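These notes concern the structure reproduced below.
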Amino acid sequence: MRQIVECVPNFSEGRRKEIVDQIAGAIQQAGAVKLLDVEMDPDHNRSVISFVGPPAAVEKAAFAAVQRAAELIDMEKHRGEHPRMGATDVVPFVP
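All residue numbers in the sequence shown are consecutive under the working numbering, ending with 139.
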C-alpha cells in the first residue's frame, strides 16, 4: 500500500491572487504532489492550500511554499480579521 500525506498550510494572503498563485506554483514545482484546493478568504486575508503526495515530496513542497510565502508576504503591511503569526501560520500534515 502506497503511503500518502495531505498538507493544508494557511498563508496570510487572501486578497492578491497573483501572490497565492506563486505559492501554489512553488508547491507544484516541488514535484510528485497533487494540488487539491486553493481557497482564498479576502475578509480574513488568508488562504488555505491543500495538497497530497508521498511523505518526502509533501515535506519538500511544504518547505518550498513556506519559503515562497516568506519572500512574498510583507507582514508589516498585512491587514485582516484573523489573528496571524507570520506569512505562514500553520502547516498541518494529515496522514
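Beta carbons are placed, not taken as given, at the ideal position from N, Cα and C, and that holds for glycine.
Treat the numbers as computed from the prediction; the structure is a model and nothing was measured.
Which residues mark the beginning and the end of the alpha helix (DSSP H) in which Ile67 is found?
61-73
One or two residues paired with Arg90 in a DSSP bridge
Asp85
Within this structure, are the beta carbons of Ala113 and Thr132 separated by less than 8 Å?
yes
Could you check how far apart the C-beta atoms of Gly58 and Arg90 are, in whole angstroms? I think they sit under 8 Å.
5 Å
Less than 8 Å between C-beta atoms, sequence neighbours within five positions excluded: which residues of the same chain meet that for Ile63?
Glu57, Leu116, Ile117
Rounded to the nearest angstrom, how far is the Cβ of Pro86 from that of Val49, given a contact under 8 Å?
Between Val49 and Pro86 the Cβ distance is about 29 Å, and since that is not below 8 Å, they are no contact.
What's the gap between the Cα of Ile93 and the Cα of Leu79?
8 Å
Skipping 5 residues on each side, what residues in its chain have a beta carbon closer than 8 Å to that of Gln111?
Ala70
Out of Val77, Gln47, Met45, which has the shortest C-alpha to C-alpha gap to Ala108?
Val77
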